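Single-structure report; data block below.
In this note's numbering, the protein residues as written are 4 to 266.
This is the structure we're talking about:
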């Protein structure tokens with residue numbers, strides 16, 4: 004079932020410059036710092052150090068050339084006190100069990116800070132989506148939905164797009180889950196295309212949030228946005244939309260970069 008989770012209370016000097024903290028280590032350090040500041044009951048902190056469930060599944064698919072390849076998928080469910088688990092599904096070769104747990108912890112905090120009736124979760128498959136054809140990605144997603152069928156649902160755990168996935172991925176997942184349930188269940192995922200029940204503006208929302216926060220920070224520091232320069236690291240849907248919106252609001256975008264290079 005994969006490697007064990009990292010120690011619950013990592014020391015601040017447990018990493019080196021060449022070995023940055025994992026998402027799980029960072030999330031736990033943040034939890035302990037916040038708990039010390041807010042004087043949280045140590046028993047509650049210890050509970051929040053750990054996920055309720057971590058599901059690890061085998062996801063075999065047939066490649067276009069007829070060969071079968073097996074991938075590993077995860078769904079980490081951190082806390083559901085406030086409501087169903089909520090969080091993205093990512094397709095990336097570096098997806099690990101610990102990463103999903105750490106990101107799931109952050110989803111719990113994000114939903115709580117915004118007073119949303121959800122808990123935190125995160126999942127994904129250790130795969131490079133750029134090596135998959137459209138048909139292979141669809142087969143992978145549908146098989147993943149089949150493996151997760153018993154642990155996701157509108158009142159249990161609601162996935163969403165993340166790195167390497169998109170509205171089409173969510174549409175495939177929704178369709179596969181609905182076929183297994185015998186009825187259409189659009190609420191099993193968010194971030195799907197509007198034509199199948201998704202919300203308009205969802206794809207732009209993360210980048211728009213970055214632009215809004217940037218504008219508010221500038222206002223707080225009495226820095227006119229029109230006199231502000233912006234550099235964007237990561238030029239996917241989030242970074243690209245943030246850069247576009249900040250440019251429209253008067254900021255000057257001076258640099259952008261992604262995995263292929265920078266300018």
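Just so you know, even glycine gets a beta-carbon here, dropped at the ideal spot from N, CA and C. This structure is a prediction, so every number in the text was calculated from the model and none was measured.
Could you give the first and the last residue of the continuous beta strand (DSSP E) run that contains residue i?
i: residue 89; result: 88-95
i: residue 122; result: 122-129
i: residue 155; result: Careful: residue 155 lies outside any beta strand (DSSP E) and carries neither H nor E.
Taking the continuous alpha helix (DSSP H) assigned at residue i, which residues delimit it?
i: residue 181; result: 170-184
i: residue 195; result: Counting along the chain, residue 195 falls outside any alpha helix (DSSP H), and DSSP gives it neither H nor E.
i: residue 147; result: 137-151
i: residue 188; result: That residue, residue 188, is in no alpha helix (DSSP H); it is neither H nor E in DSSP.
i: residue 116; result: 100-116
i: residue 254; result: From DSSP, residue 254 is part of no alpha helix (DSSP H); its letter is neither H nor E.
i: residue 39; result: 26-41
i: residue 223; result: 208-223
i: residue 51; result: 45-51
Could you check how far apart the C-beta atoms of residue i and residue j are, in whole angstroms? I think they sit under 8 Å.
i: residue 26; j: residue 106; result: 5 Å
i: residue 196; j: residue 174; result: 6 Å
i: residue 2; j: residue 260; result: Residue 2 lies beyond the residue range present for the chain, which begins at 4 and ends at 266; the question has no answer from this structure.
i: residue 157; j: residue 104; result: With 8 Å as the limit, residue 157 and residue 104 do not qualify as a contact, their Cβ atoms being about 23 Å apart.
i: residue 257; j: residue 232; result: 5 Å
By how many angstroms is the C-alpha of residue j removed from the C-alpha of residue i?
i: residue 186; j: residue 66; result: 29 Å
i: residue 143; j: residue 71; result: 11 Å
i: residue 63; j: residue 200; result: 29 Å
i: residue 153; j: residue 47; result: 28 Å
i: residue 77; j: residue 229; result: 44 Å
i: residue 6; j: residue 56; result: Reliability of the predicted coordinates at residue 6 is poor, the pLDDT of 40 falling under 50, and the value obtained from them is presented with this limitation in mind. Spanning the two alpha carbons is a distance of roughly 15 Å.
i: residue 234; j: residue 69; result: 44 Å
i: residue 254; j: residue 40; result: 36 Å
i: residue 120; j: residue 86; result: 5 Å
i: residue 50; j: residue 133; result: 38 Å
i: residue 204; j: residue 42; result: 39 Å
i: residue 84; j: residue 115; result: 10 Å
i: residue 10; j: residue 100; result: With a pLDDT of 46 at residue 10, under the threshold of 50, the predicted position of this residue should be treated as unreliable, though the coordinate-derived value follows. If I take the Cα positions, the gap works out to 14 Å.
i: residue 59; j: residue 136; result: 24 Å
i: residue 227; j: residue 252; result: 11 Å
i: residue 206; j: residue 193; result: 11 Å
i: residue 148; j: residue 198; result: 20 Å
i: residue 250; j: residue 221; result: 14 Å
i: residue 108; j: residue 151; result: 20 Å
i: residue 61; j: residue 170; result: 23 Å
i: residue 38; j: residue 52; result: 11 Å
Can you check DSSP and say which residues form a bridge with residue i?
i: residue 63; result: 73
i: residue 260; result: 236, 265
i: residue 162; result: 90
i: residue 57; result: 79
Within the chosen definition, does the region 175-194 reach the region 211-220 through at least 3 CB pairs nearer than 8 Å? no
Okay, do the region 85-100 and the region 162-169 touch, 3+ Cβ pairs below 8 Å being the bar? yes
Do the region 119-130 and the region 33-40 meet, that is, are 3 or more Cβ pairs less than 8 Å apart? no
Touching by the beta-carbon criterion (3+ pairs, under 8 Å), the region 202-214 and the region 244-262: yes
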